[in-house]
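As given, the protein sequences belong to chains A and B, one line each in that order. Taking this note's numbering, the leading residue of the first sequence gets 1, the next gets one more, and so forth. Taking this note's numbering, the leading residue of the second sequence gets 1001, the next gets one more, and so forth.
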Amino acid sequence: MKEIVIDPVTRLEGHGKITIYLNDAGNVENAYFQVPELRGFERFCEGRRAEDLPIITTRICGVCPVAHHMAGAKALDAAFNVAPTETAKKLRELEYVCYYIYDHILHFYFLGGPDFVVGPDAPPAKRNILGVIEKVGLDIAKEVIKHRAYGQKITGIIGGRPTHPVSACIPGGIAKALSEEERQEIEKMVRSCVEFGKFSLKLFHDVVLKNVDYVNLIKSDPYNLQTYYMGTVDQNNKVNFYDGDIRVVDPTGTEFVKFAPHEYLDVIREHVEPWTYVKLPYLKKIGWKGLTTGPDSGIYRVGPLGRLNAAEGMATPLAQEEYEFMYKTLGGKPVHATLAFHWARLIELMYATERALELITDKAITSKDIKNKPGNPGEGVGIVEAARGTLIHHYQLDANALAKKVNLVVATTHNAPGICMSIKNAAKGLIHNGEVNQGLLNMVEMAFRAYDPCFACATHFAIGEMPLEAKIFDNEKRLVKTIRR
Amino acid sequence: MIAIGENMSSEKLKIAFYWAASCGGCEIAVLDVNEKILDVVAKADIVFWPVAIDIKYKDVEAMPDKSIDACFFNGAIRTSENEHMAKLLRQKSKILIAFGSCACDGCVKGLANLWDKNTVFERAYRETPSTQNPDYVTPQTSFKVQEGELELPEFYDTVKTLPQTVDVDYTISGCPPPIPYILKMFEGLLTGNLPPKGSSFLPNKSICDECPREKKDRKLSAIKRIYEIDDDFKTCFWDLGVICMGPATRAGCGAQCPNVNIPCTGCDGPGPRVVDQGAAAISALASIATDPEVVNQAVDPIGTFYKYSLANSILRRKVRKK
Chain A
1 MKEIVIDPVT RLEGHGKITI YLNDAGNVEN AYFQVPELRG FERFCEGRRA
51 EDLPIITTRI CGVCPVAHHM AGAKALDAAF NVAPTETAKK LRELEYVCYY
101 IYDHILHFYF LGGPDFVVGP DAPPAKRNIL GVIEKVGLDI AKEVIKHRAY
151 GQKITGIIGG RPTHPVSACI PGGIAKALSE EERQEIEKMV RSCVEFGKFS
201 LKLFHDVVLK NVDYVNLIKS DPYNLQTYYM GTVDQNNKVN FYDGDIRVVD
251 PTGTEFVKFA PHEYLDVIRE HVEPWTYVKL PYLKKIGWKG LTTGPDSGIY
301 RVGPLGRLNA AEGMATPLAQ EEYEFMYKTL GGKPVHATLA FHWARLIELM
351 YATERALELI TDKAITSKDI KNKPGNPGEG VGIVEAARGT LIHHYQLDAN
401 ALAKKVNLVV ATTHNAPGIC MSIKNAAKGL IHNGEVNQGL LNMVEMAFRA
451 YDPCFACATH FAIGEMPLEA KIFDNEKRLV KTIRR
Chain B
1001 MIAIGENMSS EKLKIAFYWA ASCGGCEIAV LDVNEKILDV VAKADIVFWP
1051 VAIDIKYKDV EAMPDKSIDA CFFNGAIRTS ENEHMAKLLR QKSKILIAFG
1101 SCACDGCVKG LANLWDKNTV FERAYRETPS TQNPDYVTPQ TSFKVQEGEL
1151 ELPEFYDTVK TLPQTVDVDY TISGCPPPIP YILKMFEGLL TGNLPPKGSS
1201 FLPNKSICDE CPREKKDRKL SAIKRIYEID DDFKTCFWDL GVICMGPATR
1251 AGCGAQCPNV NIPCTGCDGP GPRVVDQGAA AISALASIAT DPEVVNQAVD
1301 PIGTFYKYSL ANSILRRKVR KK
């Protein structure tokens, strides 16, 4: 049996590892995706002051700290039995959709962009952010950087700090009101972001959808995975990032369950494997059936495509228009094509900008009524949609408002089983009779990064290309071939 | 940035970035320097940066000793792999800089030193209510699957800081470090204008020196929680009865949290001349308490006063039963 270790990504070295085994015929027998790190937040959050939890847990991820901060804030609202004031809720949501603006821009242009804008067949030296700049021009590249910076700036104004924000650690509120001056500054930036959202969709149409090969690639078998999907929806079953019930649909798109945050334990369980530090979630009612797809396997996917599949539409007009167009183009709901995560991400970017404009032009946004009085401490679950998927914080507080127990189910964790299977699928689609070539590396990389997995998120900011290395060993573990790029 | 790695000239400074047990926020801080990073790379070659440049561990191993002029190391030492990389990069670097709260002080993950590997595993892999693991399977450093053997780094009992693991030349704390001081550090390295070994690149002041809130009489008769006060948005948190880490914490961030009406939680690490950040804050509390009983009202003293610095304190960790 041959073993291929894809020691992926320089960025992932020490933070993610893929091993593919070939059988004697040289075809893929199995693939493992390992996460070699654990920090133990669920243990060391015990005993902490309630108000520190939304601050400590941001340190789970420096790329999506706003998601942890808001999941924590909402868990505290529930634990103290207090709803935030109308203005506090709107400010939190505004900060939240602006985090989506910078995060989705970065993923599409810096990380996913090279695959489509430059092209999957382009030479590796061009498949990076510099190749994107070359193709779209420096002026547009400057717009990308500008609007990513706008998103960060707005989260900083409301949250206090762009990375690891603090202002929503108060149950029932937010610590700082927005001044009219700040509101005007934000509105200017948000209006520009709406235009940039439209531009991004147009770019996707012109570069990707007008190219039949790209569309066929999106629809192709190695990138298809029939799973359940999960995402948060509003009262009308439209996608919502900040608040709502969580809806799960089966592989045919039929509603499987819809639950309130405090009911998550009725729906989700996490399985443990001895070869990775990450847990593997599944739907409790169906059970853990191993890394397999279809309606009999409890594996589900989250994130942009998961949310769009699990919902019935988008709550803003331009995003809704594109939502309908995507499903029409890709053959109806649900879409199982992993590469459609990129398109879904741009639809969400459009929604985030439209929603930000609704919020910043809302009269209530500058009200000074930003805090409600918390009740007595108890137990609470807070759920938000992180950019990468459903994020669950569950706190049990004692009478002194200290954490007795903390449970966290983090966005990328939900997708860990899907990522593993997508890697296996891509490898199976390409490796036949022991032949391994450069194409494998591109294929595996594309399957993997469509999810924008959190342990790879810093690649957003870099050259956009995941440098890959595949080592091929013979059955006596001698290195016979190394492919790099 | 790709060309930078390829276009190495001997006159340019060779710099490296690495991350151990961290969240990625330090990498973002470096990249938030934005266009100014271009000034840095015009004068320096980045020879190792897992985020950006395709150079593997084995390439670093092959570098001559002390061939990296300056290495910025973020993240705490949590696993065997983190420790290995710390030692390797020390050996290869002339100047090693502990970058960010994790490397300098252990950051929040140092609070895991109140437990050990087994109790952390028990919570993560058995007790949590969403976990279904009746046979208590836990991740293993080496595990035989049907097709071969898979390996994972060892998870240690204790989180250590970088200076506890190897000799460190400079520190720049903060979670993440403040951008203006990252720039100042780069400037110092590029011009060779460096402070004495052991210095911090953050200013030698405390957060209170940067905070806009006004100090009043500072007589503390009862401790309150941030969500219990009636904030006037201008009075010092201590005067409002709320614990603030400002007096014990090094300046640099511009008092970002007090600026949005949240007390400092201490992420910039111990202030100048402060040996133990938690002890300094407790001493500040004791000095203004009107009654010794007031001090006892501080709940979760470890998490409050040592949130970012337990691993770098005189306490370090909870004593383990033999």
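Quick reminder that beta carbons are idealized off the backbone N, C-alpha and C, glycines included.
query, result
"Grouping DSSP H, G and I as helix and E and B as strand, with all else coil, what is A/Ile18?", "strand"
"Flag this pair as yes or no: are the beta carbons of B/Phe1155 and B/Thr1265 separated by less than 7 Å?", "no"
"Going by CA-CA distance only, name the one from A/Trp275, A/Phe241 and A/Ile299 that's closest to A/Phe256.", "A/Ile299"
"Between A/Gly62 and chain B, is the shortest Cβ-Cβ distance under 7 Å, so that the two count as touching?", "yes"
"Between the stretch 1253-1264 of chain B and chain A, which residues of the former have CB atoms less than 7 Å from a CB of the latter, in chain order?", "Gln1256, Cys1257, Asn1259, Val1260, Asn1261 and Ile1262"
"Is the CB of A/Thr163 under 7 Å away from at least one CB in chain B?", "yes"
"Using the rule of at least 16 other Cβ atoms within 10 Å of the residue's Cβ for burial, across every protein chain shown, is A/His164 buried or exposed?", "buried"
"Ends of the alpha helix (DSSP H) at B/Leu1183?", "Ile1179 to Thr1191"
"For chain B, is any of its Cβ atoms less than 7 Å away from the one on A/Ser167?", "yes"
"Considering only residues of the same chain and omitting the five flanking positions on each side of A/Glu182, which have a CB-CB separation below 6 Å?", "Ile157"
"Unbroken beta strand (DSSP E) runs of length 3 or more, entirely within the stretch 328-408 of chain A: which are they?", "379-386 and 389-397"
"By DSSP's criteria, A/Tyr300 is part of a beta bridge. Which residues make up the other side?", "A/Tyr228"
"Since A/His271 meets chain B, which of its residues come closer than 7 Å, beta carbon to beta carbon?", "Gln1132"
"Spell out a yes or no on whether the stretch 225-245 of chain A and the stretch 142-156 of chain A are touching, meaning 3 or more CB-CB pairs, one atom from each, closer than 8 Å.", "no"
"Please say whether A/Ala175 and A/Gly338 have beta carbons closer to each other than 7 Å?", "The identity of residue 338 of chain A in the sequence shown is Thr, whereas the question assumes Gly. No, the pair does not count as a contact, with Cβ atoms beyond the cut-off."
"Give me the Cα-Cα distance between A/Glu496 and A/Asp24, rounded to the nearest whole angstrom.", "One cannot answer for residue 496 of chain A here, as it falls past the ends of chain A, which runs 1 to 485."
"Quick one: residues in its chain with C-beta nearer than 6 Å to the C-beta of A/His342, no 5 flanking neighbours on either side, listed in chain order?", "Gly112"
"So what does B/Cys1071 bridge to, in DSSP terms?", "B/Ala1016 and B/Leu1096"
"Starting from B/Asp1059, follow the alpha helix (DSSP H) in both directions and report where the run begins and ends.", "Tyr1057 to Ala1062"
"Can you tell me whether B/Ser1200 is helix, strand or coil according to DSSP?", "strand"
"Quick one: Cα of B/Phe1201 to Cα of B/Arg1317, how far?", "27 Å"
"So with Cβ pairs under 7 Å, would you call A/Lys333 a contact of chain B?", "no"
"Between A/Ile360 and A/Val97, is the Cβ-Cβ spacing less than 7 Å?", "no"
"Over what stretch of residues does the alpha helix (DSSP H) that includes A/Ser422 continue unbroken?", "Ala411 to Leu430"
"Rounding to the nearest angstrom, what Cα-Cα distance links A/Lys333 and B/Thr1119 in this structure?", "45 Å"
"By DSSP, does A/Val166 sit in helix, in strand, or in coil?", "coil"
"What does B/Val1166 touch in chain A if you count any residue whose Cβ is under 7 Å from its own?", "Within 7 Å Cβ-Cβ: nothing; B/Val1166 doesn't reach chain A, min ~17 Å."
"So what does DSSP say about A/Val117, is it helix, strand or coil?", "helix"
"How about B/Gly1115: is its C-beta nearer than 7 Å to some C-beta of chain A?", "It should be pointed out that residue 1115 of chain B corresponds to Trp in this sequence rather than to Gly. Yes - at least one Cβ of chain A is within 7 Å of the one on B/Trp1115."
"Start and end of the alpha helix (DSSP H) containing B/Phe1121?", "Lys1117 to Glu1122"
"In the structure shown, what three-state DSSP assignment does B/Leu1220 receive?", "strand"
"Could you run through the stretch 38-59 of chain A and flag, in chain order, every residue whose CB is less than 9 Å away from some CB of chain B?", "Leu38, Arg39, Gly40, Phe41, Glu42, Arg43, Phe44, Cys45, Glu46, Gly47, Arg48, Arg49, Ala50, Glu51, Asp52, Ile55, Ile56, Thr57, Thr58 and Arg59"
"Looking at the structure shown, is B/Val1159 part of a helix, part of a strand, or coil, going by DSSP?", "strand"
"Taking C-alpha atoms, which residue in B/Val1294, B/Lys1234, B/Gly1148 and B/Ala1042 lies nearest to A/Thr19?", "B/Gly1148"
"Is the separation between the beta-carbon of A/Glu322 and that of A/Ile347 shorter than 7 Å?", "yes"
"Report the residues of the stretch 1155-1184 of chain B with a CB closer than 7 Å to any CB of chain A, ordered along the chain.", "Phe1155, Cys1175 and Pro1176"
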